[in-house]
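In order, the protein sequences belong to chains G and E.
Residue 107 in the working numbering sits at position 102 of the first sequence; the count goes up by one each step and never skips.
Residue 541 in the working numbering sits at position 499 of the second sequence; the count goes up by one each step and never skips.
Think of the CB as a built atom: it goes at the ideal place given N, C-alpha and C, for glycine as much as any other residue.
Remember, predicted model here, so these are calculated numbers, not experimental data.
Written out below as structure tokens is the structure these notes cover.
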Amino acid sequence: MGSYILKRLLSAIPVLLGITIIVFAIMAMIPGDPATAILGSYATPENVEKLNRDLGLDKPAAARYFIWLGNMLTGDFGQSFALNRPVIHEVLERFSATLVLAGTAFVLCCFFGILAGVVSASRQYGLADKAITFAVLLGISIPSFFLGMMMILLFAVSLKWLPVSGMYAIYGGGDLWDLLKHLAMPATALAVVATGVIARLSRSAMLEVLRQDFIRTARAKGVSEHRVIWGHALRAAMVSIIPVLGIQAGFVLSGAVYIEIVFQWPGVGRMLVDAILKRDILLVQGGVVLVAACYVIFNIMVDVAQSLLDPRIKT
Amino acid sequence: MRLFLRLLARNRLALAGAVVLGFVVLLVLMTPVLPLAEPNITNTADRFQRPFTPGHLLGTDHLGRDLLSRLLWGTRLSLAVGFSAAVIAATIGAAIGIVAGYFGGRTDNLIMRGVDMLMAFPYILLALAIVAALGPGLMNALIAVAAVNVPFFARNIRGITVGIAHKEFVDAAKLSGMGHGRIILSEILPNVLPVIVIAMSTTVGWMILETAGLSFLGLGSQPPQADLGSMLGEARAALITSPHTSVVPGVMILIIVMSINLLGDGVRDALDPRLRSGALTRPMAATLVDRDSVPEPSGDGILTLDGIETQFHVGDRIYRAVGGVSLSVGPGECLGLIGESGSGKSVTALSIMGLVASPPGVITGGAARYRGRDLIGMPYRELRRLRGDRIAYIFQDPLATLHPLYRVGDQLAEAIRCHHAIGRAEAHDRAIELLKSVRIPNPESRARSYPHEMSGGMRQRVGIAMALANDPDVIIADEPTTALDVTVQAQILSLLNDLRRDRGLAIVFITHDFGVVAQLCDRVAVMYAGRIVEEGPTAEILARPAHPYTSRLIDCVPELGGGRRELAAIPGLPPSVDDLPAGCAFAPRCDKKQSSCAVGEVALKPRDGRAVRCLYPDWRPA
């Protein structure tokens with residue numbers, strides 16, 4: 006098992022390198038001159054040239070890439086010019102807020118998605134199945150940012166149950182209870198789409214498994230129907246559900262960008278959108294690379310979980 | 043194509059989606075000629091008018107612009123961008139996928155590495171990076187959305203192309219000297235097109251959502267032009283004071299995406315043959331029972347079947363898999379149930395404990411009595427208590443019938459714990475004893491193995507051990523040795539034989555092999571087209587078969603050392619059980635057939651402890 010994890014970690018290195026190349030290549034396509042963007046269009050040519058030299062922008066692209074990569078390996082992601090602080094500090098601070106939001110949403114969508122899928126499959130064509138199928142369709146069709154806005158209208162404005170936005174109350178608050186209150190709406194809105202997708206997939210995976218011979222064997226042994234569904238069938242279905250959980254984690258992370266805007270959540274997605282609008286290139290590059298790297302590592306964890314679950318996978 | 047449209051039309055939800063989407067598209071196409079206010083004319087005096095104010099059916103936005111007009115123009119833009127993104131992504135992705143799949147080798151490897159790398163991104167990071175590079179704007183958002191979806195199409199289409207690229211017609215085209223380009227266009231493309239259409243129909247809604255999302259973030263369409271996403275983005279500031287400005291574009295996105303998803307699901311279902319045949323239905327905990335009357339008990343064995351009838355209802359067709367089977371087996375007795383594949387022997391066996399997959403299976407008549415209690419129509423709770431405890435099954439092919447992810451020891455322990463309240467450790471010890479009793483070497487370490495780590499014979503022994511777990515009275519063995527080689531088969535048979543002598547087990551042994559029947563069974567029943575055609579003591583039937591089918595079946599068995607006897611295969615095929623001929627079902631294949639054979643019911647007539655269903659049986663003196 007240890008060697009398998011090591012092998013998967015090593016195989017992530019080319020992927021991570023590829024990601025840095027893709028990000029760098031895309032950002033290198035930016036028309037115009039970053040120094041002009043930083044200094045504004047009234048800057049003197051001398052100042053622009055000096056800044057270009059300071060930023061290393063007078064060197065060829067390949068050299069700039071390796072300098073950037075080398076610096077990143079030492080933990081130096083550069084300086085955000087708009088915020089005037091190291092990229093790494095800003096990104097890590099913002100990313101921890103995103104992790105709280107996306108992590109909660111991910112737990113919610115895994116739990117409710119699989120639950121709904123299993124219930125739906127075990128009552129195929131029944132009332133519960135039809136209700137869940139309809140709810141799933143609604144869930145995967147509604148834009149999460151619109152759903153978030155409607156939730157604000159209902160739960161924050163009309164019912165006044167939950168705070169409108171932010172991560173903590175500005176005065177007082179700051180404890181776990183305060184965080185949970187602020188987290189409830191954005192995490193739910195973020196989880197809805199992924200819940201729908203996971204529910205759909207779990208349903209079809211369960212239907213596929215329930216027709217297998219070993220389910221009939223379990224029934225012939227006299228295993229109770231409850232255990233047949235939640236034990237034998239779900240265990241086998243998880244083999245095809247888990248890889249999708251990994252993919253959905255990426256969608257949850259992506260969707261977090263919209264939700265962070267709607268709920269003023271101080272996360273990395275909002276930071277990236279602001280950085281793009283301000284053309285804060287190093288911040289965009291550093292943010293994208295760090296988030297993508299976390300996602301790659303997360304997917305390795307999913308693979309490891311998969312190999313623990315399925316003894317047929319050679320480790 | 044017409045079949046496809048008919049299937050689509052039968053799916054009411056898909057039809058509803060198509061109608062709604064068609065209506066929206068029509069409305070949007072007519073937008074330029076409709077009598078609407080100019081979408082971009084501001085009138086700050088009329089800001090935030092509520093819906094249904096005169097002149098503004100849906101009210102106005104924060105700059106006093108008519109919402110209805112902006113909604114329709116915005117929808118027009120969103121639909122156009124979403125569909126264009128889908129078409130672009132599908133075209134480029136399919137081209138990449140076809141090239142990778144068709145050429146294979148290093149090209150494939152290189153391309154798919156790149157695709158995997160792009161898929162390692164959460165999609166929004168890539169889209170954001172692209173928009174960051176190109177600058178905000180609707181066109182750039184379109185490019186970003188199309189670009190992040192290219193890998194998805196490339197991956198799907200490559201998979202399909204790899205399958206097609208090695209088909210005979212592609213080889214034939216290569217041999218006839220066609221160039222790669224022509225082969226791709228004339229042979230490959232037509233075959234992957236349906237897949238491209240399915241992939242597009244399931245992703246176009248998603249792409250509309252993504253474009254709307256980028257516009258919502260202010261990275262898509264720029265003012266004063268607005269698509270649905272940027273309308274929602276602009277309305278957000280006034281969410282609390284004037285919610286209608288948010289609700290109007292939001293609901294429109296929901297309607298569009300939902301109708302596209304409904305339609306897409308319909309397209310996918312119509313093109314998926316598995317859904318059409320109803321193959322994706324879930325078997326319930328026990329077979330459905332729908333019988334008018336319960337027959338009187340006939341036999342006096344520990345397990346007695348009285349006229350069991352089991353059917354499969356698939357669409358409008360009814361397959362009569364079992365058409366009234368009566369059997370009886372006593373303690374310590376072994377009854378062979380023999381027939382060709384499809385003769386209904388397995389379905390008969392599974393009907394006893396309600397294990398026929400249902401839907402589509404239905405037990406439509408008869409009774410199965412264990413110690414006088416009818417198992418058919420017994421409440422599920424009581425049936426479950428008997429399953430595996432008093433009546434146990436051994437199935438064919440234990441690789442498929444054992445759970446692949448549980449250790450065999452745990453599977454055995456579970457069989458015991460289902461029926462007896464004993465602790466984990468005790469059940470585990472008992473499981474090891476069971477493995478020992480079926481002569482598995484190193485039972486302690488074998489109990490920790492997974493089924494895929496064992497040999498076929500070993501797995502079959504586990505299957506037998508599982509059936510013995512609760513010391514049952516009856517074992518129903520459904521071709522337990524078919525998948526095994528001859529030496530292992532002999533060991534398994536002698537094991538079963540010992541068990542029934544030592545424990546007084548009643549065994550129903552299902553097989554298509556008379557050789558196996560001769561070794562093990564006291565009595566044998568021959569099945570054909572869902573009915574028993576001959577029954578009696580094994581030795582007598584083997585020596586003097588009375589039914590023409592039985593004698594043909596015995597002739598099929600090669601005899602060891604029997605010289606160069608010609609094996610007589612039975613000509614023709616068994617009749618389809620959804621269309622049985624009148625009279626004797628075997629008549630069409632029978633060489634002794636008379637004209638009377640094809641008229642009326644042929645009854646199972648008893649004689650001297652035997653019974654035969656034939657008008658002209660071949661009774662030979664002993």
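Exercise for the section: Just confirm the distance between the C-beta atoms of S385/E and A571/E, as a whole number of angstroms; I'd bet it's less than 8 angstroms. Expected result: 6 angstroms
Practice task
Using the DSSP secondary-structure output, state which residues sit across from L377/E in a beta bridge.
Solution key: V550/E and R565/E
Problem - G465/E to R472/E span [Cα, whole Å] - result: 11 angstroms
Exercise for the section: Could you tell me which residues DSSP pairs with Y570/E in its beta bridges? Expected result: R573/E
Practice task
Could you pull out every unbroken alpha helix (DSSP H) segment of at least 4 residues lying fully inside the segment 392-446 of chain E, listed in chain order?
Solution key: The segment 392-446 of chain E contains these whole alpha helix (DSSP H) runs: 422-428 and 440-443.
Practice task
Go ahead and label K226/G buried or exposed: buried means 16 or more other beta carbons lie within 10 angstroms of its beta carbon, across all protein chains shown.
Solution key: Note on K226/G: 16 or more other CB atoms within 10 angstroms of its CB, so buried under the neighbour-count rule.
Problem - Residues near G272/G in its chain [Cβ-Cβ closer than 7 angstroms; skip 5 each side] - result: R99, A102, T103, L106, A261 and E265
Practice task
Specify the secondary structure class of P623/E as computed by DSSP and reduced to three states.
Solution key: coil
Handout entry: Proximal chain G residues relative to M220/E, where beta-carbon distance stays under 9 angstroms
Key = Within chain G, no residue comes near M220/E; the closest Cβ sits about 36 angstroms away, beyond 9 angstroms.
Handout entry: CB contact flag (F194/E, G255/E, <8 angstroms)
Key = no
Exercise for the section: Ignore the nearest five residues each way along the sequence and tell me which others in S170/G's own chain have a CB closer than 7 angstroms to its CB. Expected result: F268 and Q269
Problem - Interface residues of chain E facing Q129/G [CB-CB closer than 8 angstroms] - result: Those within 8 angstroms of Q129/G in chain E are T323 and R324.
Exercise for the section: Take every Cβ of the segment 151-164 of chain E, pair it with every Cβ of the segment 243-250 of chain G, and state whether three or more of those distances are shorter than 8 angstroms. Expected result: no
Problem - Sub-8 angstroms separation of M155/G and A174/E beta-carbons - result: Cβ distance not < 8 angstroms, so M155/G and A174/E don't count as in contact.
Problem - Inter-stretch contact at 8 angstroms, needing at least 3 Cβ pairs: the segment 83-98 of chain E / the segment 277-290 of chain E - result: Yes: at least three Cβ pairs fall under 8 angstroms.
Problem - Separation of A588/E from M500/E, as counted between CA atoms - result: 39 angstroms
Problem - Closest residue to A196/G among R205/G, G144/G and L14/G (Cα-Cα distance) - result: The alpha carbon of A196/G has as its nearest neighbour, out of R205/G, G144/G and L14/G, the alpha carbon of G144/G.
Exercise for the section: Please decide whether I281/G counts as near chain E, where near means a Cβ-Cβ distance under 8 angstroms. Expected result: yes
Exercise for the section: Give me the Cα-Cα distance between I147/G and D332/E, rounded to the nearest whole angstrom. Expected result: 44 angstroms
Problem - DSSP state of S319/E mapped onto helix, strand, coil - result: Bear in mind that a pLDDT of 49 at S319/E, under 50, signals an unreliable position, so the number given afterwards is only what the model happens to contain. It is coil, neither helix nor strand.
Exercise for the section: Determine the direct distance from the alpha carbon of F160/G to that of H187/G, and round the result to whole angstroms. Expected result: 12 angstroms
Exercise for the section: Within 10 angstroms of the Cβ of T49/G, are there 16 or more other Cβ atoms? Answer buried if so, exposed if not. Expected result: Burial call: exposed.
Exercise for the section: Could you name the residues of the same chain whose beta carbon sits closer than 8 angstroms to that of A212/E, not counting the 5 residues immediately before and after it, in chain order? Expected result: Looking at the sequence provided, one finds Val at residue 212/E rather than Ala. Excluding residues within five positions, the ones whose Cβ falls inside 8 angstroms are I206, I225, E229 and I230.
Exercise for the section: Would you be able to state if there are at least three C-beta pairs under 8 angstroms between the segment 359-367 of chain E and the segment 542-558 of chain E? Expected result: no
Exercise for the section: Would you grab the beta carbon distance between Q129/G and L212/G for me? Rounded to a whole angstrom, and I think it's under 8 angstroms. Expected result: 7 angstroms
Exercise for the section: Please confirm if the segment 407-424 of chain E is in contact with the segment 343-350 of chain E, defined as three or more CB-CB distances below 8 angstroms between the two stretches. Expected result: yes
Practice task
Return yes when the Cβ of A186/E is within less than 8 angstroms of the Cβ of I138/E, no when it is not.
Solution key: no
Exercise for the section: Give the DSSP bridge partners of D520/E, in chain order. Expected result: I552/E
Problem - Paired residues, beta bridge with Q129/G - DSSP - result: Paired residues: none, contrary to the question.
Practice task
Check the Cβ-Cβ distances between S288/E and every residue of chain G, and say whether any is below 8 angstroms.
Solution key: yes
Practice task
Note the first and the last residue of the continuous alpha helix (DSSP H) segment covering S288/E.
Solution key: Run containing S288/E: H286 to L313, per the alpha helix (DSSP H) assignment.
Practice task
Run the proximity test for I302/E: is its beta-carbon closer than 7 angstroms to any non-hydrogen atom belonging to the ligand FAD?
Solution key: Ligands displayed in this structure: none; no statement on the ligand FAD is therefore possible.
Handout entry: Anticipated Cβ contact below 8 angstroms, A567/E with E577/E, distance rounded
Key = 4 angstroms
Handout entry: the segment 94-106 of chain E touching the segment 75-86 of chain E, judged by at least three CB pairs closer than 8 angstroms
Key = yes
Practice task
For H187/G, name the three-state secondary structure that DSSP assigns.
Solution key: helix
Exercise for the section: Kindly indicate the opening and closing residues of the alpha helix (DSSP H) around S272/E. Expected result: L270 to A277
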